[in-house]
Amino acid sequence: MIEILQNVLIPFLDLKLLSLVALGTFSGIYIGAIPGLSVTMAVSILISFTFSWDVYPAISLMIGIYMGGVYGGSRTAILLNIPGAPSAIATALDGFPMAQRGEAGEAIGITTVMSFFGGLIGITVLALAAPSVSAFAIKFQPRDYMLLAVLGILLVGSLSGDSLVKGIFAGAMGLMIGSIGLDPLTMDQRFTFGSTAMMGGISFIAVMIGMFGVSEALIQLHSMKTPGVKQVINRIVPSFGTIRKYLPLSLQSSAIGVIIGALPGTGGDIAALMAYDHARRVTKDPEVPFGQGAREGLVAPETANNAAVGGAFIPMMTLGIPGDSVTAIMIGALFIHGLHPGPMLMVEQPHMFWFIVGCLMLANIFMLIFGLTGIKLFVKVVEMPRTVLIPLILLLSIVGAYAVNNSLTDVYWMLGFGVLGYFMRLYGFSLGPVILGVILSRLLDDNWRRAIISDQESLPRLLHGIVTSPLSLTLFLAVIVIFLSKTPLWSMLMRKKTS
Amino acid sequence: MQSNTPRRPGELGFNLFIIAASLFLLYHAYGIAGFDALSSAGAVPMVTTGLMTLCGVIILRQNLRKPGKTAETISRDILPLPVIVTIAAITAYAVLLKPLGFVPTSFLFLLGLIKLFSARSWGFSISAAAGSVALIYIIFRLVFSVLMPAGIVPEGEILAAIGHLFGAAK
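So the sequences go chain by chain: V and R. Our numbering applies: residue 2 is where the first sequence begins, and numbers increase by one. Our numbering applies: residue 309 is where the second sequence begins, and numbers increase by one.
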């Protein structure tokens, strides 16, 4: 026990490591906040810098960036409606309306504190339950992943706005966009129209920036003369009452975040969207409706995406399976430094596991400190005159889309999706389901096909497999219940029950 | 509830466009592997594009039920001039980025839009555009080493000269 504590405290007590975690977290917040600069990219670049370093400093810096980056995506989501990272997509849905009402300071304050809670819970679960949670995650069959993706698709109901049918259209469009390119299983071309540029698929970042950034800027052009919204930032740190009020939702969202984060191939983005949907379902009377600046709409995704960080480390450390793209790169970095993440790491080098837990804890504390400071300067951005802010948003969007692959094609895609998103918004389509579809496309498609192939192309066999596996059956029943809860029949039953 | 809201200008046209696009994509999805197998590469694309087509038709039905009279116009409420100009400016940016380079293209892009939208003095527009480009250049190009097209600006030489200057100072 003392040995564990000693290893956890290494980054806290060594000034160099402490500074590296602080530097990493600080940089991560700003990298995460800038669309087009992803945490994955930053950690990949860092590997080349830290190649010759000792393992402890290298890991300290990378973990800081990871933790800060997941949180940082929320900043531009709230202030500009451009999610800095995919895990902040759900945050934009209610965060941006809050900023439009002049409550950006409060929104960032809630986001920061809840991200801290989520991170803390994720790390605690990582420390306490890593072996058992990873054993649970490894039991997932392709059909379970497929059901998980279907569960995710059902979030369309919560993200659809006024029209469910338009939401379903947008979700299906997202799934279609996600399937563009060479099929990874058969190498068949899908929607490429013979173009080699489309064989690698369409950059998700270009779609995201186009749909959220460009379309938002184009919509804002309608009200160009409106002055920038004056932000109230008297109180950034949420009151104890506010924290206590949202604590139950925060705990539930953390649980969602940890579990989703621990599943290989699913990360903070899916966790945040699922937590958002959960918040919509469990919050009976929000002070402000969802989509118009509900605080619950910030608490749930922000807690979940940071909890997913701890979750993603569980399969990485104990099984050597990445939980998301950043942990995939981290596995590579650990290999470079002579470590072998997997079941034997816990046996042969447990000190490394506990050191990483310590770094995560420290990064989480720095995230809270840096997150709650410097907000006044950050919110000045939204108070700029729109006549300057909108061209700047557009330039940032263009550069962000270009920077991902150094490709002009991505800029054209961004513009195309921006214009499409603009018209969709004008005619009452929500854009959240499009992004949801793109995110879940691969998870659904690959696992549906793996599942049906393993059941010899037989639907009855697949169904039999689902009902005879407790895990699959639980997921299947969850799908059925959530699906029914979106139908008019359910609301009729609920109305009858209450009357 | 929705059917009482009047149809917006161009809504029907957009609706027909998404149905036509969905049908085209459905036809293409069928072409991937036909009805080969449930696990074929075209199975999920056929379901998604089929769903898009179906939803498109339902939305059309809802739209046709809406009252057509509205005070809105295409030129004022759907495609006002600033929107058209901005779309054209982004297209021009993408076209000019490679030949002109990041710095001049971005500067021209910002200068044009800021001047057009704000109608303020040239001095304000130039300084706002130059300051913004400088900030983005420092973040993307210098801090994060994102390669942006240099175009007509001898960027490599300028950066090397600055490097030498600091090297000599040391």
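C-beta: ideal position from N, C-alpha, C; glycine also.
According to DSSP, residues forming a beta bridge with Q190 (chain V):
Q190 (chain V) pairs with V:L183.
Straight-line CA distance for L409 (chain V) to G153 (chain V)?
Each residue's alpha carbon lies about 32 Å from the other.
Alpha carbon to alpha carbon, how far is I111 (chain V) from G242 (chain V)? Give it in angstroms, no decimals.
Rounded to the nearest angstrom, the two C-alpha atoms are 12 Å apart.
Rounding to the nearest angstrom, what Cα-Cα distance links R1 (chain V) and A479 (chain V) in this structure?
Past the edges of chain V, shown from 2 to 500, lies residue 1 (chain V), and the structure says nothing about it.
Give a yes or no on contact between the region 353 to 367 of chain V and the region 107 to 126 of chain V, applying the rule of three or more CB pairs nearer than 8 Å.
By the Cβ rule, the region 353 to 367 of chain V counts as touching the region 107 to 126 of chain V, because three or more pairs are nearer than 8 Å.
Same chain only: Cβ atoms within 6 Å of A273 (chain V), ignoring 5 sequence neighbours per side:
Within the same chain, and ignoring the five residues on either side of A273 (chain V) in sequence, the residues whose Cβ sits closer than 6 Å to its Cβ are S88, A91, P302, A305 and N306.
With DSSP collapsed to three states, give me the class of A68 (chain V).
It is worth fixing the name first, because residue 68 (chain V) is Met in this sequence and not Ala. In the structure shown, M68 (chain V) adopts helical secondary structure according to DSSP, grouped into three states.
Cross-chain neighbours of V454 (chain R) in chain V, by beta carbon under 7 Å:
Within 7 Å Cβ-Cβ: A404.
Buried or exposed by the 16-neighbour rule on C-beta atoms within 10 Å, applied to F410 (chain R):
Classification for F410 (chain R): buried.
Taking only three categories from DSSP, how would you classify L346 (chain V)?
L346 (chain V) falls in the helix class under three-state DSSP.
Could you spell out where the alpha helix (DSSP H) holding T475 (chain V) opens and where it closes?
T475 (chain V) -> alpha helix (DSSP H) spans P471 to S486.
Taking the C-alpha atoms as reference points, what is the distance between E4 (chain V) and P351 (chain V)?
Taking the straight line joining both Cα atoms gives about 10 Å.
Does the count of Cβ pairs from the region 464 to 472 of chain V and the region 168 to 177 of chain V closer than 8 Å reach three?
Counting Cβ pairs under 8 Å, fewer than three are found: no touch.
For the candidate residues V:G33, V:T26 and V:P386, whose alpha-carbon lies nearest to that of L62 (chain V)?
Of V:G33, V:T26 and V:P386, the residue nearest in Cα terms is V:T26.
Three or more beta-carbon pairs under 8 Å between the region 370 to 378 of chain R and the region 411 to 421 of chain R, yes or no?
No: the two stretches stay apart, fewer than three of their Cβ pairs being nearer than 8 Å.
Looking only at its chain, what residues have a beta carbon closer than 7 Å to the beta carbon of G320 (chain R), apart from the 5 residues adjacent to it on each side?
Reading the sequence as shown, one finds Leu at residue 320 (chain R) and not Gly. Excluding its 5 nearest sequence neighbours in each direction, L320 (chain R) has C-beta neighbours in its own chain below 7 Å: N371, listed in chain order.
What does the alpha-carbon distance come out to for the pair G375 (chain V) and V435 (chain V)?
Each residue's alpha carbon lies about 33 Å from the other.
Are the C-beta of F332 (chain R) and some C-beta of chain V separated by less than 8 Å?
The beta carbon of F332 (chain R) does not come within 8 Å of any beta carbon belonging to chain V, so the residue lies off that interface.
Does chain V have any CB closer than 8 Å to the CB of F425 (chain R)?
Yes, its Cβ sits closer than 8 Å to a Cβ of chain V.
For my contact list, A23 (chain V) and F367 (chain V) are in at a C-beta cut-off of 8 Å; report their separation, rounded to the angstrom.
Going by Cβ atoms, the distance from A23 (chain V) to F367 (chain V) rounds to 5 Å, so yes, they are a contact pair.
Please confirm whether L467 (chain R) has its beta-carbon closer than 8 Å to some beta-carbon of chain V.
No, because no Cβ of chain V sits closer than 8 Å to the Cβ of L467 (chain R).
Any C-beta of chain V under 8 Å from that of S440 (chain R):
Under the Cβ criterion of 8 Å, S440 (chain R) is counted among the residues facing chain V.
Neighbourhood of I327 (chain R) by C-beta, 6 Å cutoff - its chain only, sequence neighbours within 5 removed:
Here the set comprises G364.
Could you check whether A309 (chain V) and V259 (chain V) sit closer than 8 Å to each other, using their CB atoms as the reference points?
A contact, by the Cβ cut-off of 8 Å.
Other residues of its chain near L494 (chain V): CB distance less than 6 Å, five sequence neighbours each side excluded:
Cβ within range, chain order: n/a, list empty.
I'd like to know if Q310 (chain R) contacts chain V, where contact means its C-beta is closer than 8 Å to some C-beta of that chain.
Any reading at Q310 (chain R) needs caution, since the residue's pLDDT is 46, under 50, leaving its predicted position unreliable; the model's value is listed next. Yes, its Cβ sits closer than 8 Å to a Cβ of chain V.
Complete runs of the alpha helix (DSSP H) confined to the region 415 to 459 of chain V [at least 4 residues]:
Counting only runs of 4 or more, we get 433 to 455.
Would DSSP call S492 (chain V) helix, strand or coil?
Judged by DSSP in its simplified three-state form, S492 (chain V) adopts helix.
Closer than 8 Å, CB to CB, is S470 (chain V) near chain R or not?
Closer than 8 Å: no.
Indicate whether at least one CB of chain V lies closer than 8 Å to the CB of F343 (chain R).
No, F343 (chain R) does not count as interfacial toward chain V.
Quick one, are the C-beta atoms of V352 (chain R) and D446 (chain V) less than 8 Å apart?
Yes.
What residues of chain V sit near I382 (chain R), judged by a beta carbon separation below 8 Å?
Taking a Cβ-Cβ threshold of 8 Å, none of the residues of chain V is close to I382 (chain R); the smallest such distance is about 11 Å.
Three Cβ pairs or more, each shorter than 8 Å: is that satisfied between the region 312 to 320 of chain V and the region 278 to 290 of chain V?
Contact fails: fewer than three Cβ-Cβ distances are below 8 Å.
Give the residues of chain V in contact with I422 (chain R), contact being defined as C-beta atoms less than 7 Å apart.
Per Cβ cutoff of 7 Å: T388, V389 and P392.
Beta-carbon proximity list for L21 (chain V), same chain, < 6 Å, skipping 5 on both sides:
Within the same chain, L21 (chain V) has close Cβ partners P58, S61 and L62.
Interfacial residues, the region 194 to 223 of chain V to chain R, with Cβ spacing under 8 Å:
Within the region 194 to 223 of chain V, the residues whose Cβ lies closer than 8 Å to some Cβ of chain R are F194, V215, A218, L219, L222 and H223, listed in chain order.
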